[in-house]
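First comes the structure, then the notes that go with it.
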Amino acid sequence: MLKNIIVAIFLIIAFTTKSYSAEAIGFYSKGKVKNSVSVDSYEGHFEKLFRSRGQIYSTDYLLDFIAKSSLEIKKLYPDVEALQIGDMSARKGGKIKRHQSHQNGLDIDIVYLRVNKSGQDLANPEWAEDFVSGRNVSKNLDVSRNWNLFKMLVKSGKVGRIFVDWSTKREFCKLHGDTQDPLEFQTLRLMSAAKYHRTHFHLRLLCKDSYSRCRKQSPPSNSTRCSELLK
116 MLKNIIVAIF LIIAFTTKSY SAEAIGFYSK GKVKNSVSVD SYEGHFEKLF
166 RSRGQIYSTD YLLDFIAKSS LEIKKLYPDV EALQIGDMSA RKGGKIKRHQ
216 SHQNGLDIDI VYLRVNKSGQ DLANPEWAED FVSGRNVSKN LDVSRNWNLF
266 KMLVKSGKVG RIFVDWSTKR EFCKLHGDTQ DPLEFQTLRL MSAAKYHRTH
316 FHLRLLCKDS YSRCRKQSPP SNSTRCSELL K
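Taking my numbering, the leading residue of the sequence shown gets 116, the next gets one more, and so forth.
Encoded structure:
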(Lines of atoms letter the chains of each structure in order from A and count residues from 1; the text may use other names and numbers.)
(Lines give C-alpha, C1' and ligand atoms only; values in the text may rest on other atoms or scores of the structure.)
Protein backbone atom coordinates (compact mmCIF):
# COMPACT_ATOMS: atom_id res chain seq x y z
CA MET A 1 0.00 0.00 0.00
CA LEU A 2 2.75 2.43 1.00
CA LYS A 3 4.71 1.51 -2.11
CA ASN A 4 1.72 2.34 -4.33
CA ILE A 5 1.32 5.72 -2.62
CA ILE A 6 5.00 6.53 -3.17
CA VAL A 7 4.75 5.58 -6.86
CA ALA A 8 1.63 7.71 -7.25
CA ILE A 9 3.35 10.72 -5.67
CA PHE A 10 6.37 10.24 -7.93
CA LEU A 11 4.18 10.15 -11.04
CA ILE A 12 2.35 13.30 -10.00
CA ILE A 13 5.65 15.12 -9.51
CA ALA A 14 7.04 13.81 -12.80
CA PHE A 15 4.06 15.01 -14.81
CA THR A 16 3.59 18.36 -13.10
CA THR A 17 7.22 19.50 -12.82
CA LYS A 18 8.44 21.35 -15.88
CA SER A 19 11.89 20.41 -17.15
CA TYR A 20 13.99 23.07 -18.89
CA SER A 21 17.00 22.50 -21.16
CA ALA A 22 18.52 25.99 -21.26
CA GLU A 23 20.69 27.40 -18.50
CA ALA A 24 21.36 30.97 -17.37
CA ILE A 25 25.05 31.37 -16.53
CA GLY A 26 26.66 34.28 -14.72
CA PHE A 27 25.12 37.65 -13.95
CA TYR A 28 22.51 39.62 -15.87
CA SER A 29 25.17 42.09 -17.03
CA LYS A 30 28.01 39.58 -17.34
CA GLY A 31 26.76 36.19 -18.41
CA LYS A 32 25.76 33.81 -21.15
CA VAL A 33 23.06 31.30 -22.05
CA LYS A 34 23.59 27.59 -22.59
CA ASN A 35 21.19 25.83 -24.97
CA SER A 36 19.15 28.99 -25.61
CA VAL A 37 15.71 28.74 -27.19
CA SER A 38 14.14 30.94 -29.88
CA VAL A 39 10.97 32.87 -29.14
CA ASP A 40 9.54 31.19 -32.24
CA SER A 41 9.50 27.89 -30.34
CA TYR A 42 6.65 29.19 -28.19
CA GLU A 43 3.06 30.20 -28.83
CA GLY A 44 0.94 32.60 -26.84
CA HIS A 45 -0.73 36.01 -26.95
CA PHE A 46 2.50 37.82 -27.79
CA GLU A 47 4.49 38.99 -30.81
CA LYS A 48 8.16 39.82 -31.38
CA LEU A 49 9.42 43.26 -32.35
CA PHE A 50 12.86 44.18 -33.75
CA ARG A 51 13.61 40.83 -35.38
CA SER A 52 16.39 42.35 -37.48
CA ARG A 53 18.43 42.82 -34.29
CA GLY A 54 18.70 39.04 -33.91
CA GLN A 55 17.91 39.14 -30.20
CA ILE A 56 15.22 36.48 -30.32
CA TYR A 57 16.74 34.03 -27.83
CA SER A 58 16.33 33.33 -24.15
CA THR A 59 16.09 30.54 -21.62
CA ASP A 60 13.07 28.31 -22.08
CA TYR A 61 12.31 29.08 -18.42
CA LEU A 62 11.69 32.76 -19.27
CA LEU A 63 9.86 32.05 -22.54
CA ASP A 64 7.57 29.52 -20.90
CA PHE A 65 6.75 32.12 -18.24
CA ILE A 66 6.02 34.81 -20.85
CA ALA A 67 3.87 32.51 -22.98
CA LYS A 68 1.76 31.45 -20.00
CA SER A 69 1.53 35.00 -18.67
CA SER A 70 0.35 36.30 -22.04
CA LEU A 71 -2.51 33.81 -22.03
CA GLU A 72 -3.33 34.58 -18.42
CA ILE A 73 -3.65 38.32 -19.07
CA LYS A 74 -5.80 37.59 -22.12
CA LYS A 75 -8.05 35.45 -19.94
CA LEU A 76 -8.40 38.40 -17.56
CA TYR A 77 -8.90 40.90 -20.41
CA PRO A 78 -10.21 39.10 -23.53
CA ASP A 79 -9.78 42.24 -25.68
CA VAL A 80 -6.19 42.94 -24.62
CA GLU A 81 -3.60 43.46 -27.34
CA ALA A 82 -0.81 40.92 -27.78
CA LEU A 83 2.19 41.50 -25.53
CA GLN A 84 4.81 43.11 -27.75
CA ILE A 85 8.26 41.79 -26.93
CA GLY A 86 11.33 43.90 -27.59
CA ASP A 87 14.91 42.89 -26.88
CA MET A 88 15.76 39.54 -25.32
CA SER A 89 19.22 37.96 -25.61
CA ALA A 90 21.69 36.80 -28.25
CA ARG A 91 21.80 33.10 -29.10
CA LYS A 92 24.71 32.41 -26.75
CA GLY A 93 24.00 35.31 -24.45
CA GLY A 94 26.70 37.84 -23.66
CA LYS A 95 26.84 41.50 -24.62
CA ILE A 96 24.32 42.96 -27.05
CA LYS A 97 23.93 46.45 -28.45
CA ARG A 98 21.86 48.99 -26.46
CA HIS A 99 22.04 47.00 -23.22
CA GLN A 100 24.33 46.30 -20.30
CA SER A 101 22.14 43.43 -19.12
CA HIS A 102 20.11 40.89 -21.16
CA GLN A 103 23.17 38.62 -21.09
CA ASN A 104 22.05 35.44 -19.31
CA GLY A 105 18.59 34.84 -20.75
CA LEU A 106 16.50 36.12 -17.85
CA ASP A 107 15.77 39.67 -19.11
CA ILE A 108 13.07 40.73 -21.55
CA ASP A 109 11.58 44.07 -22.69
CA ILE A 110 7.80 44.36 -23.13
CA VAL A 111 5.68 47.29 -24.32
CA TYR A 112 3.26 48.72 -21.74
CA LEU A 113 -0.39 47.80 -22.29
CA ARG A 114 -2.28 50.56 -24.08
CA VAL A 115 -5.69 52.16 -23.58
CA ASN A 116 -6.34 52.02 -27.33
CA LYS A 117 -5.20 48.36 -27.42
CA SER A 118 -3.32 49.04 -30.66
CA GLY A 119 0.15 47.55 -30.89
CA GLN A 120 2.90 49.11 -32.95
CA ASP A 121 3.75 47.97 -36.48
CA LEU A 122 6.00 44.91 -36.25
CA ALA A 123 8.13 46.33 -39.07
CA ASN A 124 9.05 49.42 -37.03
CA PRO A 125 12.74 49.10 -36.08
CA GLU A 126 12.33 51.26 -32.96
CA TRP A 127 9.89 51.77 -30.09
CA ALA A 128 6.92 53.63 -31.55
CA GLU A 129 5.35 55.23 -28.50
CA ASP A 130 6.49 57.23 -25.49
CA PHE A 131 4.22 56.56 -22.51
CA VAL A 132 5.51 59.48 -20.44
CA SER A 133 4.40 63.10 -20.57
CA GLY A 134 6.43 65.34 -18.28
CA ARG A 135 6.20 63.86 -14.78
CA ASN A 136 3.08 61.88 -15.66
CA VAL A 137 2.22 58.84 -17.71
CA SER A 138 0.56 59.40 -21.07
CA LYS A 139 -3.18 59.03 -21.55
CA ASN A 140 -2.60 55.89 -23.60
CA LEU A 141 -0.83 53.96 -20.83
CA ASP A 142 -3.49 51.69 -19.33
CA VAL A 143 -2.72 52.13 -15.64
CA SER A 144 -5.19 49.52 -14.40
CA ARG A 145 -4.23 46.79 -16.84
CA ASN A 146 -0.50 47.28 -16.42
CA TRP A 147 -0.91 47.20 -12.64
CA ASN A 148 -2.81 43.94 -12.79
CA LEU A 149 -0.28 42.51 -15.25
CA PHE A 150 2.58 43.42 -12.91
CA LYS A 151 0.79 41.90 -9.91
CA MET A 152 0.16 38.74 -11.89
CA LEU A 153 3.85 38.47 -12.80
CA VAL A 154 5.02 39.14 -9.24
CA LYS A 155 2.53 36.67 -7.75
CA SER A 156 4.41 33.86 -9.51
CA GLY A 157 7.38 34.33 -7.18
CA LYS A 158 9.74 34.24 -10.17
CA VAL A 159 10.29 37.97 -10.66
CA GLY A 160 13.44 39.72 -9.49
CA ARG A 161 12.80 43.20 -10.89
CA ILE A 162 10.41 45.13 -13.12
CA PHE A 163 12.20 48.20 -14.46
CA VAL A 164 9.92 51.12 -15.37
CA ASP A 165 10.17 54.89 -15.84
CA TRP A 166 10.04 57.16 -12.77
CA SER A 167 6.70 58.60 -13.94
CA THR A 168 5.25 55.11 -14.30
CA LYS A 169 6.20 54.04 -10.79
CA ARG A 170 5.10 57.41 -9.43
CA GLU A 171 1.63 56.81 -10.89
CA PHE A 172 1.38 53.42 -9.21
CA CYS A 173 2.67 54.90 -5.95
CA LYS A 174 -0.04 57.57 -6.04
CA LEU A 175 -2.69 54.89 -6.35
CA HIS A 176 -1.28 52.08 -4.22
CA GLY A 177 1.56 53.51 -2.12
CA ASP A 178 -0.39 53.17 1.14
CA THR A 179 -1.49 49.61 0.44
CA GLN A 180 -1.65 47.01 3.20
CA ASP A 181 -2.00 44.20 0.67
CA PRO A 182 1.12 41.96 0.65
CA LEU A 183 1.03 41.33 -3.12
CA GLU A 184 0.61 45.01 -3.94
CA PHE A 185 3.46 45.91 -1.57
CA GLN A 186 5.70 43.30 -3.19
CA THR A 187 4.79 44.55 -6.67
CA LEU A 188 5.79 48.11 -5.78
CA ARG A 189 8.92 46.83 -4.02
CA LEU A 190 10.10 44.94 -7.12
CA MET A 191 9.24 47.84 -9.43
CA SER A 192 12.48 49.73 -10.00
CA ALA A 193 12.49 53.21 -11.56
CA ALA A 194 15.24 53.54 -14.17
CA LYS A 195 16.04 55.63 -17.24
CA TYR A 196 15.28 54.42 -20.77
CA HIS A 197 11.96 52.83 -19.79
CA ARG A 198 9.49 55.40 -21.12
CA THR A 199 8.52 53.09 -24.00
CA HIS A 200 8.51 49.69 -22.33
CA PHE A 201 9.09 47.83 -19.08
CA HIS A 202 11.98 45.48 -18.49
CA LEU A 203 11.14 42.20 -16.78
CA ARG A 204 13.88 40.28 -15.00
CA LEU A 205 13.43 36.83 -13.52
CA LEU A 206 15.27 35.48 -10.50
CA CYS A 207 17.86 32.77 -11.02
CA LYS A 208 16.09 29.42 -11.11
CA ASP A 209 17.16 27.13 -8.26
CA SER A 210 18.57 24.58 -10.72
CA TYR A 211 20.80 27.23 -12.35
CA SER A 212 23.85 26.53 -10.22
CA ARG A 213 26.04 28.88 -12.28
CA CYS A 214 23.58 31.78 -12.32
CA ARG A 215 24.71 34.67 -10.11
CA LYS A 216 21.90 36.13 -8.05
CA GLN A 217 21.16 39.83 -7.78
CA SER A 218 20.85 41.31 -4.32
CA PRO A 219 17.16 41.79 -3.45
CA PRO A 220 15.74 45.32 -3.23
CA SER A 221 15.22 46.91 0.17
CA ASN A 222 12.06 45.92 2.01
CA SER A 223 10.32 49.13 0.99
CA THR A 224 8.19 50.45 -1.87
CA ARG A 225 10.36 53.61 -2.01
CA CYS A 226 7.18 55.48 -2.93
CA SER A 227 7.87 58.26 -0.43
CA GLU A 228 10.97 59.24 -2.42
CA LEU A 229 9.01 59.53 -5.67
CA LEU A 230 6.06 61.41 -4.21
CA LYS A 231 8.06 64.26 -2.67
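Each residue gets a CB set at the ideal place from its N, CA and C atoms; glycine is no exception.
Which class does residue i belong to by DSSP, given the choice of helix, strand or coil?
i	result
Ala-238	coil
Thr-131	Bear in mind that the predicted position of Thr-131 carries a pLDDT of just 46, short of 50, making it unreliable; the figure below should be weighed with that in mind. Correct three-state label for Thr-131: helix.
Val-258	helix
Tyr-176	helix
Ile-171	coil
Lys-212	coil
Ser-336	coil
Leu-126	Bear in mind that the predicted position of Leu-126 carries a pLDDT of just 44, short of 50, making it unreliable; the figure below should be weighed with that in mind. Leu-126 falls in the helix class under three-state DSSP.
Leu-198	strand
Asn-219	coil
Ser-185	helix
Phe-278	strand
Asn-251	strand
Arg-229	strand
Mind checking whether residue i and residue j have CB atoms under 9 Å apart?
i	j	result
Asp-202	Arg-213	yes
Lys-284	Leu-303	yes
Leu-298	Ile-277	no
Asn-261	Phe-316	yes
Asn-239	Ser-282	no
Lys-331	Leu-320	no
Ser-204	Ser-151	yes
Thr-339	Gly-275	no
What does a CB cutoff of less than 6 Å around residue i pick up in its chain, not counting 5 residues either side in sequence?
i	result
Cys-288	Cys-341, Leu-344 and Leu-345
Asp-347	With the chain represented from 116 up to 346, any question about residue 347 goes unanswered, as that position is not in the structure.
Phe-142	Arg-330
Ser-253	Phe-246
Lys-323	Tyr-176
Trp-242	Thr-314
Please tell me whether, using a cut-off of 8 Å, the distance from the CB of residue i to the nearest non-hydrogen atom of the ligand ADP is below it.
i	result
Leu-256	The ligand ADP is not part of this structure, which contains no ligands at all.
For my contact list, residue i and residue j are in at a C-beta cut-off of 8 Å; report their separation, rounded to the angstrom.
i	j	result
Leu-198	Ile-225	6 Å
Ser-307	Gln-215	About 14 Å; that fails the 8 Å criterion.
Lys-207	Val-148	6 Å
Leu-237	Leu-164	6 Å
Ile-181	Gly-146	Not really, about 19 Å apart at Cβ, beyond 8 Å.
Leaving out five residues on either side along the sequence, give the residues of the same chain with a beta carbon under 8 Å from the beta carbon of residue i.
i	result
Ser-156	Asp-175 and Leu-178
Ser-327	none
Lys-210	Gln-218
Leu-290	Val-258 and Trp-262
Gly-234	Glu-162, Glu-196, Ala-197, Gln-199 and Val-226
Counting only the same chain and skipping the five closest in sequence on each side, list residues whose C-beta sits under 7 Å from that of residue i.
i	result
Asn-263	Leu-191
Met-267	Ser-184, Glu-187 and Ile-188
Lys-232	Asp-194, Val-195 and Glu-196
Got a sec, what are the start and stop residues for the alpha helix (DSSP H) residue i sits in?
i	result
Lys-289	281-291
Leu-305	297-305
Considering residue i, what are the terminal residues of the beta strand (DSSP E) in which it resides?
i	result
Leu-318	315-320
Leu-344	From DSSP, Leu-344 is part of no beta strand (DSSP E) but of the alpha helix (DSSP H) over 341-344.
Glu-138	138-142
Glu-158	Where Glu-158 is concerned, there is no enclosing beta strand (DSSP E), given that its DSSP letter is neither H nor E.
Asp-224	222-226
Lys-323	Counting along the chain, Lys-323 falls outside any beta strand (DSSP E), and DSSP gives it neither H nor E.
Val-423	What the structure shows of the chain is the stretch from 116 to 346, and residue 423 is not part of that stretch, so it cannot be assessed.
Of all Cβ atoms in chain B, is any one closer than 9 Å to the Cβ of residue i?
i	result
Glu-241	Protein chain content of the structure displayed is limited to a single chain, and chain B is not contained in it.
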